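In my numbering, the protein residues as written are -17 to 96.
Listed below in structure tokens is the structure:
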């Protein structure tokens, strides 16, 4: 899971199989588009966070990322912020999930499609 400082949660159901190097991004993974730089200095915490905390409320939240029960996620798949993957779905290796996946659907590609 990348950028765990985000206010959203990653919710994973029961009996999921998640392959090596699968990644779940949360909204703070998005670069801030205001100010003099798009680099997210606040991820370093400490003084960096104190001096750049004003940008945090401006980063758009897509909500929790929810993975249903009995979901299979292939190697090196990337799940973007705020996506819901329904029960029993299968995510192909290296798929990039940018939108919700219906239950019991197999998806693959970039962006992932049924």
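A virtual CB, placed ideally from N, CA and C, is assigned to each residue, including glycine. None of the values given here were measured: they were computed from a predicted structure.
Own chain residues within Cβ distance below 6 angstroms of residue i, not counting five before or after
i          : result
residue 90 : 74, 77
residue 53 : -2, 67, 71
residue 93 : 78, 80
residue 59 : 4, 73, 77
Residue i classed as buried or exposed, judged by whether at least 16 other C-beta atoms fall within 10 angstroms
i          : result
residue 28 : exposed
residue -7 : exposed
residue 84 : exposed
residue 61 : buried
residue 1  : exposed
Start-to-end residues for the beta strand (DSSP E) that takes in residue i
i          : result
residue -8 : -8 to -6
Close-in-space but distant-in-sequence residues of the same chain around residue i (CB under 8 angstroms, 5 per side omitted)
i           : result
residue -10 : 8, 9, 43, 44, 45, 46, 47, 63, 64
residue 87  : 68, 71, 72, 96
C-beta atoms of residue i and residue j nearer than 8 angstroms
i          : j          : result
residue 5  : residue 51 : no
residue 30 : residue 21 : no
Residue i CB to nearest heavy atom of the ligand SAH below 7 angstroms
i          : result
residue 43 : Ligands in the displayed structure: none, and consequently the ligand SAH is not present.
Own chain partners of residue i with C-beta closer than 7 angstroms, once the 5 adjacent residues on each side are dropped
i          : result
residue 82 : 65, 66
Which runs of the beta strand (DSSP E) at least 3 residues long sit entirely within the region 24 to 76? Give them in chain order.
You should have 47 to 49.
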